[in-house]
Every structure is written in C-alpha cells, then in structure tokens.
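Residue 0 is where the sequence shown starts when you use numbering that gives the first Met the number 0, and the numbers rise one by one after that.
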Amino acid sequence: MSTTSIIQSHISHYINAIKLHYKPIHSAIIAGVLTSIVVGRAAYQDYQVYLSYGPGGMPYNVGGWLFTSTVARAISVNMLDVRDFEKSPDERSWLGRDWPERPRSGMRPRMGPHPIPQRQLDQHASAEVQEKFLRGFRALVQQYPALIVSKTSQYERHAEALWVNDAHPTCALGEGFSREITHIHQNTDFSAHVVLAPKDALKVIQSGWGQLHGWAGVKPFGRKLLPKQYVLLYAPRNGEEVEILLRVARASIGYMTEAEDLMSP
Numbered sequence: 000m001s002t003t004s005i006i007q008s009h010i011s012h013y014i015n016a017i018k019l020h021y022k023p024i025h026s027a028i029i030a031g032v033l034t035s036i037v038v039g040r041a042a043y044q045d046y047q048v049y050l051s052y053g054p055g056g057m058p059y060n061v062g063g064w065l066f067t068s069t070v071a072r073a074i075s076v077n078m079l080d081v082r083d084f085e086k087s088p089d090e091r092s093w094l095g096r097d098w099p100e101r102p103r104s105g106m107r108p109r110m111g112p113h114p115i116p117q118r119q120l121d122q123h124a125s126a127e128v129q130e131k132f133l134r135g136f137r138a139l140v141q142q143y144p145a146l147i148v149s150k151t152s153q154y155e156r157h158a159e160a161l162w163v164n165d166a167h168p169t170c171a172l173g174e175g176f177s178r179e180i181t182h183i184h185q186n187t188d189f190s191a192h193v194v195l196a197p198k199d200a201l202k203v204i205q206s207g208w209g210q211l212h213g214w215a216g217v218k219p220f221g222r223k224l225l226p227k228q229y230v231l232l233y234a235p236r237n238g239e240e241v242e243i244l245l246r247v248a249r250a251s252i253g254y255m256t257e258a259e260d261l262m263s264p
C-alpha cells in the first residue's frame with residue numbers, strides 16, 4: 000500500500016471516529032431545532048386565534064395571550080357542568096316552566112381554546128341577524144328604564160352592557176360583584192354573556208343554547224372572579240333565535256333585579 004493510501008486510510012478512520020463520537024450531540028441539536036420550530040409554529044397559530052377574537056377583557060397583545068394560555072386555562076372549570084345548578088335550593092325561574100320550546104338545533108359551536116375572551120369560532124350569523132339582535136338588546140333599556148341602564152361592560156371593556164340601575168334597591172348578587180347583567184360581543188361573534196338564576200342557567204346549558212364561562216364561580220384567591228351562573232349564550236343564527244336569546248336576556252334582567260313581574264309562568 001502506498002504512503003498516500005495509508006494517510007488517506009488514517010484520515011478516514013479519524014473522521015469516522017469523530018462522527019461516531021459526536022452523533023448523539025448532532026441528533027440532540029437537530030431534535031431541539033425541530034422541536035423549537037414545531038412549538039414556535041403552534042404558538043404563533045394559537046396567538047393568531049387569540050387576536051381573531053378582537054379586543055376583550057384581556058390585554059390585546061402577547062402579554063394577554065400568555066396569561067390566558069397559561070394561568071387562565073389552568074384554573075378554568077368544565078363549562079358544561081351543571082351539577083351545582085341541579086342541586087341548587089333556589090327554584091326560581093324567570094324563563095318559566097315551558098322554556099325552551101325546543102332545544103338549539105345542530106352541534107354546539109366550536110369555541111376558541113382560550114378562556115378569556117370567550118368566543119365561538121364558527122356558526123356566525125349574517126350582518127342582518129346580528130343587527131336585529133343588537134337592536135333588540137338596546138331596546139330592553141327603553142322597556143325597563145326603572146330597572147336597568149346601558150353602560151360599557153366591566154368585564155369586556157369593549158362591549159355594551161346592561162346594568163342594574165343604581166336607583167334600583169336590589170341586585171341579586173349582593174356585595175362582591177358588579178351590577179352588570181349582560182353584554183353582547185358586538186365587535187366579534189355576537190355571542191353574549193348573561194347572569195341567570197341557577198335553574199335558568201341549567202335550562203340554557205342543557206338545551207344547548209349556551210355554556211358556562213371558564214371562570215364561572217372560580218375562587219383562586221378565596222373570592223369568586225365571576226358569578227357561578229355566568230353563562231355564554233351562543234350567537235343567534237336567524238331571527239327566531241334572536242327572539243329566544245332576547246327572552247333569556249329578559250330573564251337575566253328579572254333575576255338580577257329580582258323583579259317577579261318579569262317571571263314567565
């Protein structure tokens with residue numbers, strides 16, 4: 000064997016030895032890079048979903064997204080769990096015995112993965128239906144001026160809300176909560192949040208018209224962040240559903256103001 004061949008053989012041996020020795024390190028680096036790419040892509044897509052909700056109760060930026068993706072998710076409740084309402088000693092209902100005349104048709108809408116803001120990702124209505132819902136919602140103030148007033152939502156900060164009138168002596172939630180009754184997410188999906196009597200919350204959720212907020216009744220620091228019966232109403236898809244949801248809004252007004260004359264038989 001020539002001297003050149005011997006040298007080439009030794010060089011190849013050393014190169015192969017180096018490759019063998021550092022192969023685990025190379026594999027770990029490659030795995031780390033690929034994992035970072037996958038995780039980064041998933042995080043970016045999740046952030047885009049968060050932004051698609053529009054401004055809500057959380058800061059509309061990366062900080063808000065990080066909080067709702069971590070802390071908010073960690074303390075969220077099962078949003079279809081109605082056992083507490085079934086056991087509630089409060090038997091009052093402002094929706095009445097015969098409500099609903101029918102359950103909501105079809106599947107529940109697909110909800111965003113973030114507890115706050117709580118939004119649905121599909122089953123959105125036409126602009127005409129959305130406008131009808133908003134008009135009906137605003138008209139409630141004219142119908143019950145002694146009971147309610149319209150102000151910006153404390154929870155959403157970017158939505159119109161109905162509040163118990165300061166001149167009205169009664170608020171069902173008492174101390175510890177605001178007097179906000181309901182609001183519509185008119186800048187995004189036109190779903191709504193309402194505070195209902197326990198038995199009415201039970202009816203709404205069981206019949207498919209809504210679900211709990213992720214923080215309903217949650218007490219991370221010994222104090223509830225939201226009322227236990229804080230319910231999301233899915234956005235109306237047609238004129239008939241607008242009327243159904245407005246009836247739920249009236250029931251919410253009745254409960255929060257304890258107006259027995261608003262009770263349906």
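Where is the CB? At the ideal position from N, CA and C, for every residue including glycine. None of these values were measured; they are calculated from a predicted model.
* Asked: Who are the near neighbours of Val230 in its chain, counting only those whose CB is closer than 8 Å to its CB and skipping five residues on each side?
  -> His192, Val193, Val194, Leu195, Ala200, Val203, Ile204, Gly209, Gln210, Leu211, His212 and Ala215
* Enumerate in chain order the residues of its own chain whose CB-to-CB distance from Lys223 is below 8 Å, with the five nearest sequence positions on each side excluded. => In its chain, beyond the 5 residues on either side, Gly175, Phe176, Gly216 and Val217 have a beta carbon closer than 8 Å to the beta carbon of Lys223.
* **Helix, strand or coil at Leu133 [DSSP, three-state]** => DSSP places Leu133 in helix when its eight states are reduced to three.
* Cβ-Cβ distance between Leu161 and Leu139 below 8 Å -> yes
* Give the secondary structure of Tyr143 by DSSP, where H, G and I count as helix, E and B as strand, and everything else as coil. => coil
* To do: Give the single residue among Pro219, Met255 and Glu100 whose Cα lies nearest to the Cα of Val70.
  => Per the Cα distances, Pro219.
* Might you give, ordered along the chain, the residues of its own chain that have their beta carbon closer than 8 Å to the beta carbon of Pro226, omitting 5 neighbours on each side? => Leu172, Phe176, Val194, Ala215 and Gly216
* Which listed residue (Glu239, Thr181, Asn186 and Thr187) has its alpha carbon closest to that of Tyr254 -> Thr181
* **Span of the beta strand (DSSP E), counted from its first residue to its last, around Glu155** => Run containing Glu155: none; DSSP gives neither H nor E here.
* Could you tell me the distance, in whole angstroms, from the CA atom of Ser87 to the CA atom of Lys198? => When rounded, the distance between both Cα atoms is 8 Å.
* Asked: Between Arg246 and Asn60, what straight-line distance do the alpha-carbon atoms span, to the nearest angstrom?
  -> Distance between the alpha carbons of Arg246 and Asn60: 35 Å.
* **Chain-order list of residues whose beta-carbon lies under 8 Å from that of Asn237 (same chain, five-residue window excluded)** => Ala124 and Val128
* Using alpha carbons as the reference points, say which of Ser92, Pro114, Phe66 and Asp45 lies closest to Pro77. => Note on identity: in this sequence residue 77 is Asn, with Pro being the wrong assignment. Here the closest residue by C-alpha is Pro114.
* Among residues of its own chain, excluding the 5 on either side of Tyr46, which ones have a beta-carbon nearer than 8 Å to its beta-carbon? -> Val61 and Trp64
* Asked: Given a threshold of 16 other Cβ atoms within 10 Å of its Cβ, counted over all protein chains shown, does Thr187 qualify as buried or as exposed?
  -> Thr187 counts as buried, since at least 16 other C-beta atoms from the protein chains shown sit within 10 angstroms of its C-beta.
* **Identified DSSP bridge partners for Ala124** => Beta-bridge pairing links Ala124 to no other residue.
* If you compare alpha carbons, which of Asn164, His157, Ser152 and Gln153 is closest to Gln141? -> Asn164
* To do: Grab the span of the beta strand (DSSP E) containing Pro233 for me, first residue to last.
  => The sequence given here has Tyr at residue 233, not Pro. Neither: Tyr233 is in no beta strand (DSSP E) and is coded neither H nor E.
* Asked: Taking the continuous alpha helix (DSSP H) assigned at Glu85, which residues delimit it?
  -> Residues Arg82 to Lys86.
* Asked: Among the residues of its own chain, which have a CB less than 7 Å from the CB of Tyr143, if the five just before and after it don't count?
  -> Ile252
* To do: With DSSP collapsed to three states, give me the class of Leu244.
  => The answer is helix: DSSP assigns Leu244 an H, G or I state.
* Express the C-alpha separation of Cys170 and Gln44 in angstroms, rounding to a whole number. => 42 Å
* Does DSSP classify Ile6 as helix, strand or coil? -> Since pLDDT at Ile6 reaches only 45, below the 50 mark, its modelled position is unreliable, and the value read off the structure follows with that caveat. Note: Ile6 maps to helix in three-state DSSP.
* Asked: Sorted by chain position, which residues of the same chain lie with C-beta nearer than 6 Å to Ala250's C-beta, five sequence neighbours on each side aside?
  -> Trp93, Leu94 and Asp199
* **Own chain partners of Thr3 with C-beta closer than 6 Å, once the 5 adjacent residues on each side are dropped** => Bear in mind that the predicted position of Thr3 carries a pLDDT of just 47, short of 50, making it unreliable; the figure below should be weighed with that in mind. Correct list: empty, nothing qualifies.
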